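Quick note on numbering: the sequence shown equals residues -19 to -1, 1 to 206 in mature numbering (1 follows the signal peptide of the UniProt record, and there is no 0).
Beta carbons: idealized from backbone N, C-alpha and C, even for Gly.
As the structure is a computational prediction, the values presented were derived from the model and not from experiment.
The next block holds one structure in the form of structure tokens; read it before the comments.
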Amino acid sequence: MKNLTYLFLFLCNLSISLAQEKGLHKDFVYIKEQIPNIKLDIRYAGSNNFIGKPVNAYYKPVGILTKVATEALKNAQDDLMQEGYCLKIFDAYRPQTAVNHFIEWARHPKDTLTKNKFYPEIAKKDLFQLGYIASKSGHSRGSTVDLTIIDMNTGKELDMGSKYDFFGDISHHNTNKINKEQKANRLLLKRIMLKNGFRPYSEEWWHYTLRNEPYPETYFDFPVQ
């Protein structure tokens, strides 16, 4: 047992050392290395997102969070797995460079490549005012995560009533536009995340931030790679 403990500590230290070599802040880790059974679908590293192309500073589809947020997320994953489900991550730490890319995108009103899919009822110019995009994102502080739930057996996402990053009332927690099953699925995610120290964002059912985040005033800008 003692040897296994030493091995675990060695592997953890090795993981952290490798992460630092890739430019991570010392208090950040790769989610998948700490929670191997979690699923990743990092949308901003590809084109399936609201700007329709890879976002600046997302060089690889990996998820990064602060150590403490990752520990809390692991507890949430463990709780959910006892009920036959698993977490899927869409986004975690987000560099300020990526946020700046969103700002630049918003300045071009004719660039509406994904409007029908992600914001069909909202004018692009209103996305900032309505709180869907911000010039400073909680994600850049390293303890905010966008996620959903999948069935462990099928890998299928639970029906939450709207897709990830859909900008509209139907994505709000208090919406009356979803059915009982969709509401129950959202409440399951909310219950698990609240239990493990995360708080929700009223406008987006997928968005949760660690309550006692270690860097509440710091916006980081190292790349996702």
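Taking the straight line between their C-alpha atoms, what separation do you get for residue i and residue j?
i	j	result
I12	L168	24 Å
H89	T95	13 Å
F203	V10	13 Å
K106	S143	22 Å
N193	K161	32 Å
N155	H188	14 Å
S152	L5	32 Å
E85	T51	30 Å
P17	K55	10 Å
D140	Y40	29 Å
Q77	S118	8 Å
K164	Y100	21 Å
A38	G27	12 Å
What did DSSP end up calling residue i once you bin it into helix, strand or coil?
i	result
V126	strand
Y11	strand
K20	strand
Y100	coil
D132	strand
V36	coil
E194	coil
L(-9)	Its pLDDT being 47, under 50, L(-9) is placed unreliably in this model, and the value from its coordinates should be taken loosely. Helix at L(-9).
Does the distance from the C-beta atom of residue i to that of residue j stay below 8 Å?
i	j	result
A57	M133	no
Y25	D72	yes
F147	A53	no
S121	R75	yes
L46	S124	yes
Identify the continuous beta strand (DSSP E) that holds residue i and give its terminal residues.
i	result
I70	66 to 72
I114	Run containing I114: none; DSSP gives neither H nor E here.
F179	179 to 182
H188	185 to 191
Over the uninterrupted alpha helix (DSSP H) stretch that includes residue i, give me the two end residues.
i	result
I45	From DSSP, I45 is part of no alpha helix (DSSP H) but of the beta strand (DSSP E) over 45 to 47.
K171	161 to 176
H89	No alpha helix (DSSP H) contains H89, which DSSP labels as neither H nor E.
With burial defined as no fewer than 16 other Cβ atoms inside 10 Å of the residue's Cβ, what is the status of residue i: buried or exposed?
i	result
L128	buried
A79	buried
S116	exposed
K7	exposed
residue 249	This structure cannot settle anything about residue 249, because the visible part of the chain is limited to -19 through 206.
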